[in-house]
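K.L.:
My questions all concern the structure below.
Number of protein chains: 2
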Amino acid sequence: MKQGEKNTRKRLLDCAEKLFGRDGYHCTTLRAITKKAGANLAAVNYHFGAKDGLLKEVIERRLLPLNEERIKRLEAVRAASVNKKGRPVVEDVLRAFIEPTFSFRDSGEGARDFIILVGRSFSEPDGTVRGIFMQLVGPVFELYSNLLAQALPDMPKEVFRWRLHFAIGAMAHIMHVSCSDCHEGLKTAINTEDLVAMYIDFFAAGMQAPL
Amino acid sequence: MKQGEKNTRKRLLDCAEKLFGRDGYHCTTLRAITKKAGANLAAVNYHFGAKDGLLKEVIERRLLPLNEERIKRLEAVRAASVNKKGRPVVEDVLRAFIEPTFSFRDSGEGARDFIILVGRSFSEPDGTVRGIFMQLVGPVFELYSNLLAQALPDMPKEVFRWRLHFAIGAMAHIMHVSCSDCHEGLKTAINTEDLVAMYIDFFAAGMQAPL
DNA sequence: GTCTATAGATTGATAGAC
DNA sequence: GTCTATCAATCTATAGAC
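Okay, here's the thing in structure tokens:
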């Protein structure tokens with residue numbers, strides 16, 4: 003971004019995003035990234051210090067704005083409930099968190115690869131990926147969790163905790179399935195709006211299921 | 003198993019299972035496995051041909067019996083519904099599939115590592131792992147899906163498909179979270195019975211949520 | 001069946017010319 | 001900022017003695 007002749011930096015980020023999402027962080031080599039980007043092998047180390055520096059910027063570039071949007075939406079739900087001197091509604095909280103994620107999915111080709119990468123971060127065995135991801139997403143999860151707990155005040159903490167895991171696990175899985183090419187039988191490119199609606203119907207019912 | 007002096011073969015399987023589950027297939031080296039097993043580096047190639055041969059046996063050793071149990075339970079649900087000339091009940095189908103998985107989780111220390119490995123297989127970027135896993139689990143999924151569809155005859159196919167993904171994604175996530183050490187705040191070693199009950203309550207409600 | 005030794009390939013990272 | 005060339009450290013897999 004300083005005085006680069008060509009925008010190698012951005013091309014590296016784009017290609018790394020695609021390959022990290024498609025093949026995973028560890029199976030993606032710097033050689034594959036630089037070759038795809040038409041850049042030199044040494045460029046990654048020059049621009050990002052090391053491989054994990056590249057990963058960090060790949061994640062931050064997309065996740066910071068996405069998190070901002072999520073927080074804005076969640077805070078709006080909270081504010082609305084306070085104004086009405088009531089509690090947040092489960093459906094609204096779910097939507098505030100889910101909708102930005104999947105709207106984001108449509109914002110460009112690279113975005114889909116990024117969503118795959120993030121969807122896998124939950125179960126990522128490698129500490130590098132999970133560490134970078136969790137650090138960024140932790141506070142937003144906290145807000146999401148708190149608001150959802152307010153919407154379900156009578157639920158035992160233990161039950162709530164696991165139900166939240168159900169919702170998050172399904173979301174991570176859907177991020178994969180709805181963006182990846184290697185899931186057969188899903189060629190029906192699902193409408194984002196419909197998918198979000200289905201998610202909310204389903205998990206609002208699950209969250210409020212009788213014990 | 004043929005005429006081995008010591009049971010190197012079993013020790014290799016046990017250690018590979020633990021390390022594959024903990025660190026992932028690709029990040030686990032044959033050196034780490036053989037060192038942990040107290041065996042020679044060449045032992046893996048002698049006993050299993052190659053690294054992926056070891057992985058295949060690690061998965062098959064546990065998954066084949068588990069799948070048998072699942073099929074037995076699912077067929078029992080189907081048979082009961084036929085006898086009563088009715089439809090299978092959603093809760094019964096869910097239980098027949100989920101309960102064996104989590105009972106299995108308690109069958110020993112190695113089993114927990116295996117469950118982590120399987121839970122991650124859904125989002126595994128590496129074709130080796132996903133291929134071996136999906137081939138074994140595909141037919142059981144088919145049976146599970148068909149039975150669940152019978153229990154929900156009026157649901158549009160597209161909606162059903164995604165709701166099934168919600169259930170499977172959450173299951174994969176829970177397999178991780180409930181077995182892995184790196185998920186803080188879950189030290190409360192959850193009772194398997196309770197977890198299964200929570201899952202069924204939740205997903206029976208979600209599956210049957212109004213459109 | 002188990003061992004040592006090593007081949008053969010690939011990786012992340014760096015030094016230094018331009 | 002970009003390049004070539006290369007290092008040093010890995011890795012899987014195999015050959016061959018015992």
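Chains as they are written, first to last, in the numbering used here: chain A, 3 to 213; chain B, 3 to 213.
Even for Gly, the Cβ is constructed at its ideal location relative to N, Cα and C.
Just so you know, these numbers come straight off a predicted model, no measurement behind them.
(1) List, in chain order, every chain A residue whose beta-carbon is nearer than 7 Å to that of B/R75.
(2) Taking DSSP as the reference, what is the three-state secondary structure of A/G55?
(3) Consider the Cβ of A/L154: report whether some Cβ of chain B lies at a distance smaller than 7 Å.
(4) Starting from A/V161, find everything on chain B with Cβ-Cβ shorter than 8 Å and list it in chain order.
(5) By DSSP, does A/T31 sit in helix, in strand, or in coil?
(6) For A/T130, tell me which candidate among A/D16, A/E59, A/N9 has the shortest Cα-Cα distance.
(7) Please list the partners that A/G171 has in chain B, where partner means a Cβ-to-Cβ separation under 7 Å.
(8) Using a Cβ-Cβ cutoff of 8 Å, what residues of the segment 92-121 of chain A are near chain B? List them in chain order.
(9) Identify whether A/C17 lies in helix, strand or coil by the three-state DSSP scheme.
(10) Would a check of beta-carbon distances place A/G208 closer than 7 Å to chain B?
(11) I need the DSSP call for B/N193, collapsed to helix, strand or coil.
(12) At a CB distance below 8 Å, what residues from the segment 24-40 of chain A approach chain B? Give them in sequence order.
(13) Say whether the segment 126-142 of chain B touches the segment 65-81 of chain B, bearing in mind that this needs 3 or more beta-carbon pairs closer than 8 Å, one atom from each stretch.
(14) From what residue to what residue does the alpha helix (DSSP H) around B/Q152 run?
(15) Have a look at B/V142 and B/I73 and give me their C-alpha separation to the nearest angstrom.
(16) Assess, as a yes-or-no matter, whether the segment 121-128 of chain A is touched by the segment 24-36 of chain B under the definition of 3 or more beta carbon pairs within less than 8 Å.
(17) Could you tell me the boundaries of the alpha helix (DSSP H) in which B/H167 lies?
(18) Determine the direct distance from the alpha carbon of B/A81 to that of B/P155, and round the result to whole angstroms.
(19) Taking a contact to mean a Cβ-Cβ separation below 7 Å, would you say B/M173 touches B/I117 in this structure?
(20) If I'm right that A/L213 touches A/V161 with Cβ under 8 Å, what's the distance once you round it to whole angstroms?
(21) Let me confirm a value: B/H185 is counted as buried when at least 16 other C-beta atoms fall within 10 Å, else exposed. Which label applies?
(22) Got a sec: is the Cβ-Cβ distance from B/D183 to anything in chain A below 7 Å?
(23) Using a Cβ-Cβ cutoff of less than 7 Å, which residues in the same chain neighbour B/G112 once the five nearest sequence positions on both sides are dropped?
(24) Measure from the alpha carbon of A/I192 to the alpha carbon of each residue in A/S123, A/F205, A/D108, A/L119, then state which is nearest.
(25) Can you tell me where the alpha helix (DSSP H) with B/G112 in it begins and where it stops?
(26) Less than 7 Å between the beta carbons of A/W164 and B/M209, yes or no?
(27) Rounding to the nearest angstrom, what Cα-Cα distance links B/N88 and B/I170 in this structure?
(28) To the nearest whole angstrom, what separates the beta carbons of A/R13 and A/G55, a pair I think is in contact under 8 Å?
(29) Note down, in chain order, each residue of its chain lying with its Cβ closer than 6 Å to the Cβ of B/L150, except the 5 sequence neighbours on either side.
(30) Judging by CA-CA distance, which residue of A/L32, A/S147, A/H167 is the nearest neighbour of A/A52?
(31) So A/P102 and A/A153 are supposed to be a Cβ contact under 8 Å. How far apart are they, rounded?
(32) Please report the straight-line C-alpha distance between B/D196 and A/E144, rounded to a whole angstrom.
(33) Hey, out of B/F168, B/V179, B/T194, whose CA is closest to B/F204's CA?
P.N.:
Quick answer:
(1) Result: empty, since nearest Cβ-Cβ is about 21 Å, beyond 7 Å.
(2) helix
(3) no
(4) M200
(5) coil
(6) A/E59
(7) G171, A172, A174, H175, I176
(8) G121
(9) helix
(10) yes
(11) coil
(12) R24, D25, G26, H28, C29
(13) yes
(14) 129-153
(15) 7 Å
(16) yes
(17) 159-179
(18) 17 Å
(19) no
(20) 7 Å
(21) exposed
(22) no
(23) D16, E19, K20
(24) A/D108
(25) 111-123
(26) no
(27) Before going on, a small fix: residue 88 of chain B reads as Gly here, not Asn. Using only the alpha carbons, I get a separation of about 26 Å.
(28) 16 Å between Cβ atoms; not a contact.
(29) V95
(30) A/L32
(31) About 18 Å separates the two Cβ atoms, so there is no contact after all.
(32) 25 Å
(33) B/F168
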